Amino acid sequence: MNQNRFTQKKNKGRFQSLSLRNRLLLAFILLAILPVLITGSIATMISRQGLEDSVYNELESVTVLKQNAIKDWLNVVQNNLSLAFQDRLIRQSVSALLEQETTMSLSQEQLRLELVKFNSYTNYYTEIFVMNRNGETVLSTNNIQEGKIQLNQNFFQEGIKGKFASPPVYEVSFSSYSILISEPILNTAGTTIGVLAARVNLATLDYIMQQDTGLGEAGETYLISSNYAVLTNLDHSQVIPGETYIRTEGVTDVVQNKNLNLGAYVDYSNTAVFGAYSWIPELQIVLVAEYHQADALQASNRVLQTTAGLIVLIALLAILVSFIVTNSITSPITKLVNIADNISHGNLDLQAEVVQQDEIGVLAQSFNIMTSRLRDLIGSLEQRVSDRTKALATSTEVSRKLSTILDEKQLVNEVVNQVQSAFNYYHVHIYLMDDKQEKLIMAGGTGEAGKTMLSQRHAISVGKGLVGRTGDTNTPILVADTSRSADWLPNPLLPDTKAEIAVPISLGSQVLGVLDVQQNIVDDLNREDVDLLQSIANQVAIALQNSRTLASIQERASREQLITSINQKNSQ
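Here it is in C-alpha cells:
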C-alpha cells in the first residue's frame with residue numbers, strides 16, 4: 012500500500028517537474044489520442060463481444076444438433092435390436108433354447124449364424140448375445156462369450172425389466188469402451204424367459220462427432236465419459252482407450268453439475284478455446300463443442316490493429332500542431348518565470364513588463380499587484396503565523412484533556428475553565444439543550460458570575476439572543492462590538508462584555524448545546540476565534556456523546572444487575 016502511494020507521488024512529481032511547454036505538448040497529444048483510443052477500445056470490445064456471442068450461439072446449435080443425432084442413433088440401435096427375432100422360426104428356437112426344451116427347429120449354431128446375418132445388414136453391433144434368467148450367455152455372435160455368467164451386470168439386471176442402455180464402460184477383455192443395450196425376451200405367454208443384449212459399435216458415435224457442422228478446421232466436437240475418458244477421436248491428440256482422459260474446465264463443470272454451459276478456457280492441447288458443453292443423461296456422457304479463440308477473434312484483432320495505426324498517425328500530427336501552438340503560448344510566460352525567479356530570491360522591487368493585452372498581459376498586471384501586496388504582507392506575516400501556531404497548540408491541548416473526561420459535569424467545567432485560561436477570554440460558559448429542545452440551560456461558567464448563574468439555573472429560550480439563535484440555527488454567531496448589535500442581550504453579571512461569540516455544540520444536525528465566549532475589548536474576537544472555538548465545540552460534542560453513552564450503559568448495567576439480584580432471591 013505504502014509502495015503504491017510512493018509510486019503515485021513519484022509519477023505525479025515527474026509530471027509536475029516538466030516544463031509548461033512539454034506539459035502542453037503532452038496534453039494536446041493526449042487530447043488527440045484519447046478519443047481515438049477510447050473509441051477504438053469500445054469498438055474492439057463490442058466487436059469481440061459480438062464475435063463471442065456469435066461463436067457461442069453456433070457452438071450451442073452444434074451441441075443441440077449432435078445431441079439430437081446421438082439420441083436418434085441410440086433409439087435406432089435399440090429399436091433395431093428388437094427386430095432380431097422377428098422370424099417366427101428363430102423366435103421359437105430361441106425360446107426353446109432358453110427354456111431348455113429338447114427339440115429346437117434351429118440348432119444353436121444356426122441361431123448364431125442368423126444373428127450374424129442380422130447384424131451384417133446394419134453393422135450396428137460388435138456382438139449380439141442372449142442370456143437366460145440366470146444371467147448365463149447361452150447364445151452369442153462371438154461363441155467365445157457363450158457360457159459366461161452376467162447375472163451381476165447392470166445391463167442384465169435392467170434388461171430383464173425393460174429396454175436399457177448402459178453408460179460407456181471400459182472392458183478389459185475387449186481393450187475398449189462399450190455401450191451395451193438390452194431388453195427382455197418374452198415367450199408366447201408373455202413371461203420373461205431371458206435377455207437379449209448387444210455391444211454397440213461406437214464407430215457410429217465417432218462418425219457423428221466428425222460430421223461437418225460449419226465449425227471448420229478451427230472447431231471440434233468429441234465425447235467424454237463420466238470418468239473423463241475420451242470416447243471419440245480428437246483432432247490434436249491420439250486417443251488410447253482406457254488411457255486418454257480430459258479434465259478441462261468445461262468437462263469438469265458438466266460432469267459435476269450435469270448441465271449445459273458455455274465458457275472460454277484452455278483445451279486439452281493447451282489452446283485457448285470457446286466451448287459449449289452439455290450432459291447427455293441417456294448415456295451419462297459429456298458432449299463438447301469447441302472453437303479456437305484465435306480464429307474466432309480475427310476480425311476483432313483487425314479492428315485493434317487499425318486503431319493502433321490511427322493512434323500513431325494522429326500522434327504524429329498532434330506533435331506537429333502542438334509544437335507550433337505551445338511556442339506561441341510559452342514564450343511570454345517564460346519571461347514572467349524569469350522575473351518570478353528573481354523575486355523568489357528576495358528582489359521584490361522588480362516589475363513585469365506588460366506588452367500584450369490578452370490573458371498573459373492580465374497575468375503580468377496581476378503579478379505586479381501581487382508583488383506589491385507581498386511586500387506589504389511580509390511585515391505582519393511572521394507575527395500572525397506565530398499567534399496562530401500558539402492558538403492551535405493550545406486548542407490541541409484542550410481537546411486532548413477533554414478526551415479523557417467521561418463525567419458530563421466535570422467535562423463542562425473543564426471546558427469553560429480551560430478555554431478561559433488558555434485564551435484569556437473575559438468569560439466562558441456552556442449551555443446544554445433540554446429534552447424538549449425548547450431551552451438552553453446553563454451547565455457551566457467561569458468566575459463568580461458563572462457560579463451565580465448556575466445557582467439561579469439560568470436558561471435561554473431557543474431562538475432568543477446570540478445563544479438562542481445559535482442553538483436554533485446550528486451556526487456560529489460573532490458580534491465583534493456588542494454596542495452595535497440591536498438583538499444582543501446584556502447580562503448585569505457581566506457588565507464589561509464588549510464582544511461575544513456563540514458556537515453550536517452539535518453532532519451533525521443534532522444540537523447538544525452552545526459554547527459562549529465573551530471578551531471585554533471591542534473587536535478582540537474575530538473569525539479565527541470562531542474557527543478555533545468551533546473546533547473545540549466539535550470535540551466537546553463528541554465528549555458529551557461519549558459521556559452520555561457511558562452513563563446510559565452504566566444505568567442499564569445497574570438495572571440488569573438489580574433484576575438479576577431480585578430473580579436470584581425469588582428463586583431461593
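Letter by letter, the sequence shown follows residues 12 to 583 in this note's numbering. Backbone N, C-alpha and C define an ideal beta-carbon position, used for all residues, glycine too. Since the structure is predicted, the reported quantities are computational estimates derived from the model, not experimental observations.
Starting from the C-beta of Q304, find all residues in its chain whose C-beta is less than 7 Å away, skip the five residues before and the five after it, and write them out in chain order.
A275, A283, V284 and F285
Just how far apart, CA to CA, sit I81 and Q295?
12 Å
Please return the same chain residues whose Cβ sits closer than 7 Å to the Cβ of G205, not counting the five positions on each side in sequence.
L109, V141, M142, N143, R144 and I196
Measuring straight from C-alpha to C-alpha, what distance separates L573 and Q565?
12 Å
Nearest-angstrom Cα separation, counted from S52 out to S187
51 Å
Let me check understanding here. Comparing Cα to Cα, which of Q467, E182, L191 and G479 lies closest to E169?
L191
How close, in whole Å, do the beta carbons of L500 and A470 come, if the pair is a contact with beta carbons under 8 Å?
Not really, about 13 Å apart at Cβ, beyond 8 Å.
Opposing strand residues paired with L528 [DSSP bridges]:
The amino acid at residue 528 is misidentified as Leu; the sequence shows Val. DSSP, once it has assigned bridges, lists V439 and I512 as partnering V528.
Can you tell which of W84, R538, T560 and L122 has its C-alpha closest to the C-alpha of R99?
L122
Report back the beta-carbon spacing between L126 and A107 to the nearest angstrom; my notes put them in contact at under 8 Å.
Actually they do not touch by this definition, with Cβ atoms about 16 Å apart.
I577 versus Q467: straight-line alpha-carbon distance, rounded:
41 Å
CA-to-CA distance, N428 to T415, given in whole angstroms:
16 Å
Express the C-alpha separation of S432 and K509 in angstroms, rounding to a whole number.
18 Å
Y9 - containing alpha helix (DSSP H), residue span:
Residue numbering for the chain in the displayed model covers 12 to 583; residue 9 lies beyond these limits and cannot be assessed.
If I'm right that S517 touches A568 with Cβ under 8 Å, what's the distance once you round it to whole angstroms?
With 8 Å as the limit, S517 and A568 do not qualify as a contact, their Cβ atoms being about 28 Å apart.
Report the three-state DSSP secondary structure of G274 (helix, strand or coil).
strand
Where does Y135 fall in DSSP's three states?
coil
Cα separation between Q545 and M381?
32 Å
Out of curiosity, what's the CA-to-CA distance linking D179 and I155?
In the sequence under discussion, the amino acid at residue 179 is Pro, which differs from the Asp named in the question. Cα-Cα distance, rounded: 22 Å.
Is it true that the CB of L216 sits closer than 8 Å to the CB of L245?
no
Using 8 Å for Cβ pairs, my map puts V525 next to Y442. What's the rounded Cβ distance?
5 Å
Write down every uninterrupted run of the alpha helix (DSSP H) in the region 440-512 whose length is 4 residues or greater and which is fully enclosed by it, in chain order.
458-466 and 476-484
My output table needs one value for S517: the three-state DSSP class, helix, strand or coil.
strand
Taking just the CA atoms, how far does K475 sit from S496?
14 Å
Looking at Y437 and N531, is the spacing between their C-beta atoms short of 8 Å?
yes
Sort out for me which residues DSSP pairs P195 with in a bridge.
V206
Do L124 and S104 come within 8 Å of each other at the CB atom, strictly closer than that value?
no
With DSSP collapsed to three states, give me the class of L100.
helix
Quick one: Cα of S65 to Cα of Q222, how far?
21 Å
Between V73 and A300, how many whole angstroms is the CB-CB distance? I'm expecting something under 8 Å.
5 Å
Count the other C-beta atoms from every protein chain shown that fall within 10 angstroms of the C-beta of F434, then say buried if there are 16 or more, exposed otherwise.
buried
Selection from Y136, E138, I139 and K159 that minimises the alpha carbon distance to G146
K159
Output needed for S520: all residues of its chain with C-beta closer than 8 Å, excluding positions within five of it in sequence on either side, in chain order.
N485
Looking at C-alpha atoms only, which residue of V250, V266 and E112 is the closest neighbour of S280?
V250
Please state if the CB of L92 and the CB of E194 are separated by a distance shorter than 8 Å.
yes
V478 to I49 span [Cα, whole Å]:
58 Å
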